[in-house]
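Colleague:
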Amino acid sequence: MQFTLSFVGPAPCTGLAALARKYGSIMYLRMGTCGVVVASSPSAARTFLKALDAWLANRPAVASAVDITYGRQNRVFADYGPKWKLMRKLSSVHLLGARAVANWAGVRRDEAGRSLLGMAEAAEAGRAVVVPEVLVCALANIVGQITVSKRVFDAQGDESSSYKEMIVSLLTGTGMFNISDFVPALSWLDLQGVQARLRRVHRQFDGLITKLLAEHAATAEERAREGRLDFVDRLRASSKDGDKDADGETITEVNIKGLIFDMFTAGTDTSSIIVEWAMAEMINNPSIMGRAQEEMDRVIGLHRRLEESEIANLPYLQARSLSGPAAKIDPMGNNFELIPFGAGRRICAGKLAGMVFVQYFLGTLVHAFEWRLPDGEEKVDMAETFGLALPKAVLLKAVVTPRLVPAAYA
Ligand code: HEM
65 MQFTLSFVGP
75 APCTGLAALA
85 RKYGSIMYLR
95 MGTCGVVVAS
105 SPSAARTFLK
115 ALDAWLANRP
125 AVASAVDITY
135 GRQNRVFADY
145 GPKWKLMRKL
155 SSVHLLGARA
165 VANWAGVRRD
175 EAGRSLLGMA
185 EAAEAGRAVV
195 VPEVLVCALA
205 NIVGQITVSK
215 RVFDAQGDES
225 SSYKEMIVSL
235 LTGTGMFNIS
245 DFVPALSWLD
255 LQGVQARLRR
265 VHRQFDGLIT
275 KLLAEHAATA
285 EERAREGRLD
295 FVDRLRASSK
305 DGDKDADGET
315 ITEVNIKGLI
325 FDMFTAGTDT
335 SSIIVEWAMA
345 EMINNPSIMG
355 RAQEEMDRVI
365 GLHRRLEESE
375 IANLPYLQAR
385 SLSGPAAKID
395 PMGNNFELIP
405 FGAGRRICAG
415 KLAGMVFVQY
425 FLGTLVHAFE
435 WRLPDGEEKV
445 DMAETFGLAL
455 PKAVLLKAVV
465 TPRLVPAAYA
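So the sequence shown is numbered by this note's numbering: it starts at 65 and just counts up by one.
Here you go:
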């Protein structure tokens with residue numbers, strides 16, 4: 065089938081789903097000069113992500129990706145090979161595997177507490193809260209602490225506002241639709257100015273990250289003495305004196321920057337957008353919100369906030385986030401009915417962390433506040449827009465009222 069690029073409107077997944085209903089679950093589309101195969105059913109997904117996974121384990125080297133990832137020296141865009149495997153191993157052992165995710169629980173707890181406090185202050189002052197702003201701030205601070213021991217979104221000082229600006233531009237920049245990716249011959253013209261913008265964001269990212277890494281190196285001994293090594297300390301230790309693994313690979317300083325880039329881009333917006341959609345759904349359906357709160361009040365009470373270890377006792381909450389035991393569909397890439405994290409060799413590296421973020425933050429927000437829309441709004445606008453992780457077209461803004469004892473917001 066021949067389709068023009070104009071087909072990819074503001075909501076390509078809806079358009080592609082409609083086409084799949086008409087033409088079947090495996091479609092070959094010409095988009096610009098590139099061929100694109102779209103798989104739209106569980107069995108088609110299984111074919112591509114399981115049976116043919118080894119052949120499809122590289123991501124395309126599109127112009128937008130090359131410009132912003134140090135020429136694909138990060139993990140997300142690295143070709144499937146020894147360097148990618150080394151990055152996968154190190155990120156799993158030190159950051160995203162089950163043990164590492166459990167080790168960082170205190171950081172998540174602390175950030176959730178700060179979010180609650182900020183929201184309780186907004187409630188007191190009669191201000192509405194912009195839900196994705198609260199979430200991205202918490203997530204970027206979590207990622208910042210576990211990777212480089214820094215709360216990058218701390219609301220004070222010029223330095224943190226440049227981090228904030230940089231992360232927001234990274235998140236908006238990486239999700240843009242770029243004609244050059246589909247008509248590479250036109251790439252040099254940069255018709256929409258996307259590449260120029262990405263290169264600008266990249267320069268800004270590199271400037272800040274180079275400075276941050278230099279500061280980080282200067283305080284390494286202190287962290288080693290206190291036994292609180294972060295991800296970058298461990299990456300550097302792995303490549304100390306040019307040590308190589310069995311495949312002769314080592315992590316370079318540019319790979320370290322690429323991995324930090326990955327964690328801030330892949331690890332913040334994704335989880336935040338899912339929580340935002342789930343909250344929007346619950347605000348529009350008070351009976352769902354009521355049932356989730358009732359379950360939490362029964363299990364936790366109103367005298368304190370949710371602890372991560374209690375999520376296992378909240379089946380209704382789990383079913384409202386990314387599926388889970390209550391819905392009996394495994395979202396972790398084994399059951400092709402639901403693959404929010406993808407599947408196969410290139411499955412999301414942060415699926416465990418993402419799952420914990422989503423359930424813990426969603427549960428915390430639902431339990432700690434009553435939610436209503438600002439005066440004059442009846443329903444949350446559920447329109448979606450184009451982006452890396454299917455963002456809401458209109459950011460969710462709501463008025464909250466604390467429902468726990470005041471000490472729970474400290
Ligand atoms: C609920 C939250 C999240 C969702 C829905 C999500 C979703 C995804 C998806 C769909 C992919 C592509 C998979 C494929 O190509 O088959 C991906 C890749 C990736 N994600 Fe996530 N993600 C989430 C959270 C995170 C977090 C918290 C991190 C890290 C801090 C992360 C890091 C990555 C990385 C590094 C990749 C690339 C993996 C590779 O190619 O080796 N993600 N994610």
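Ideal placement from N, C-alpha and C gives every residue a C-beta, glycine not left out. For clarity, every value in this text was computed on a predicted model and none was experimentally measured.
Would the beta-carbon of Met91 fall within 8 Å of that of Leu83?
Modeller: Taking the first residue of the sequence shown as 1, we reach residue 91 at position 27. Taking the first residue of the sequence shown as 1, we reach residue 83 at position 19. For Met91 and Leu83, yes; Cβs fall inside 8 Å.
Colleague: Is the distance from the Cβ of Leu452 to the Cβ of Gly239 below 8 Å?
Modeller: Position 388 of the sequence shown, counted from the start, is the residue given in the question as residue 452. Position 175 of the sequence shown, counted from the start, is the residue given in the question as residue 239. A contact, by the Cβ cut-off of 8 Å.
Colleague: Apply the 10 Å Cβ neighbour rule to Lys456 and answer buried if 16 or more other Cβ atoms are within range, or exposed otherwise.
Modeller: Stepping through the sequence shown from its first residue, residue 456 is reached at position 392. The residue in question, Lys456, is buried, as its Cβ has 16 or more Cβ neighbours within 10 Å.
Colleague: How would you label Asn349, buried or exposed, when you count the other beta carbons within 10 angstroms and need 16 or more for buried?
Modeller: Mapped onto the sequence shown, residue 349 falls at position 285. Classification for Asn349: exposed.
Colleague: My guess is that Gln423 and Leu381 are in contact by the Cβ rule of under 8 Å, so how many angstroms apart are they, rounded?
Modeller: What you label residue 423 is simply residue 359 of the sequence shown in a count that begins at 1. What you label residue 381 is simply residue 317 of the sequence shown in a count that begins at 1. Contact flag correct, Cβ pair sits at about 7 Å.
Colleague: Could you pull the start and end residues of the beta strand (DSSP E) that Phe328 belongs to?
Modeller: As a position in the sequence shown, residue 328 is number 264, starting the count at 1. No beta strand (DSSP E) holds Phe328; the alpha helix (DSSP H) holding it covers 317 to 330.
Colleague: For Ile375, count neighbouring C-beta atoms within 10 Å of its own C-beta (all shown protein chains included) and say buried if the count is 16 or more, exposed if not.
Modeller: Here residue 375 refers to the residue found at position 311 of the sequence shown. Buried, since its Cβ has 16 or more Cβ neighbours within 10 Å.
Colleague: Hey, which unbroken runs of the alpha helix (DSSP H) at 4 residues or more fall wholly within the stretch 66 to 124?
Modeller: Qualifying alpha helix (DSSP H) stretches, in chain order: 76 to 87, 106 to 110.
Colleague: Evaluate Asn167 with the Cβ neighbour count: other Cβ atoms within 10 Å of its Cβ, from every protein chain shown; 16 or more gives buried, anything less gives exposed.
Modeller: Here residue 167 is taken as the residue at index 103 of the sequence shown, counted from 1. Label assigned to Asn167: exposed.
Colleague: So, at 7 Å on beta carbons, what are the nonlocal neighbours of His247 in its own chain, with the 5 sequence-adjacent residues on each side left out?
Modeller: Position 183 of the sequence shown, counting from 1, holds the residue named residue 247. The question names His, but residue 247 is Val in the sequence shown. Cβ neighbours of Val247 beyond the five flanking positions: Gly96, Thr97.
Colleague: Going by C-alpha to C-alpha distance, which of Ala187, Lys153, Arg123, Leu154 sits closest to Pro470?
Modeller: Here residue 470 corresponds to residue number 406 of the sequence shown, with the count starting at 1. The option with the nearest alpha carbon to Pro470 is Ala187.
Colleague: Using only alpha-carbon positions, find the residue among Phe450, Ala204, Thr133 that is nearest to Glu229.
Modeller: Taking the sequence shown and counting its residues from 1, the one referred to as residue 229 is at position 165. Measuring from the Cα of Glu229, the nearest candidate turns out to be Ala204.
Colleague: Around the C-beta of Asn242, are 16 or more other C-beta atoms found within 10 angstroms, so that it is buried, or is it exposed?
Modeller: Taking the sequence shown and counting its residues from 1, one reaches residue 242 at position 178. That one is buried.
Colleague: Which residues does DSSP list as the beta-bridge partners of Val422?
Modeller: The sequence position of residue 422 within the sequence shown is 358, counting from 1. Answer is none; Val422 lacks a bridge partner.
Colleague: Does the beta carbon of Ala129 fall short of 7 Å from some heavy atom of the ligand HEM?
Modeller: Locating residue 129 in the sequence shown gives position 65, counting from the first residue. For the ligand HEM, not one heavy atom lies less than 7 Å from the Cβ of Ala129.
Colleague: For Leu404, which of helix, strand or coil comes out of DSSP?
Modeller: Translated into positions along the sequence shown, residue 404 becomes position 340. Correcting the residue type first, residue 404 is Pro in the shown sequence and not Leu. Coil, per DSSP.
Colleague: To the nearest whole angstrom, what separates the beta carbons of Ile210 and Asp294, a pair I think is in contact under 8 Å?
Modeller: Walking along the sequence shown from the start, residue 210 turns up at place 146. Walking along the sequence shown from the start, residue 294 turns up at place 230. Going by Cβ atoms, the distance from Ile210 to Asp294 rounds to 6 Å, so yes, they are a contact pair.
Colleague: Which value, in whole angstroms, describes the spacing of the CA atoms of Phe328 and Ser302?
Modeller: Taking the sequence shown and counting its residues from 1, one reaches residue 328 at position 264. Taking the sequence shown and counting its residues from 1, one reaches residue 302 at position 238. About 21 Å.
Colleague: Considering only residues of the same chain and omitting the five flanking positions on each side of Glu175, which have a CB-CB separation below 6 Å?
Modeller: Residue numbering aside, residue 175 sits at position 111 when the sequence shown is read from its first letter. Within the same chain, Glu175 has close Cβ partners Ala202, Asn205, Ile206.
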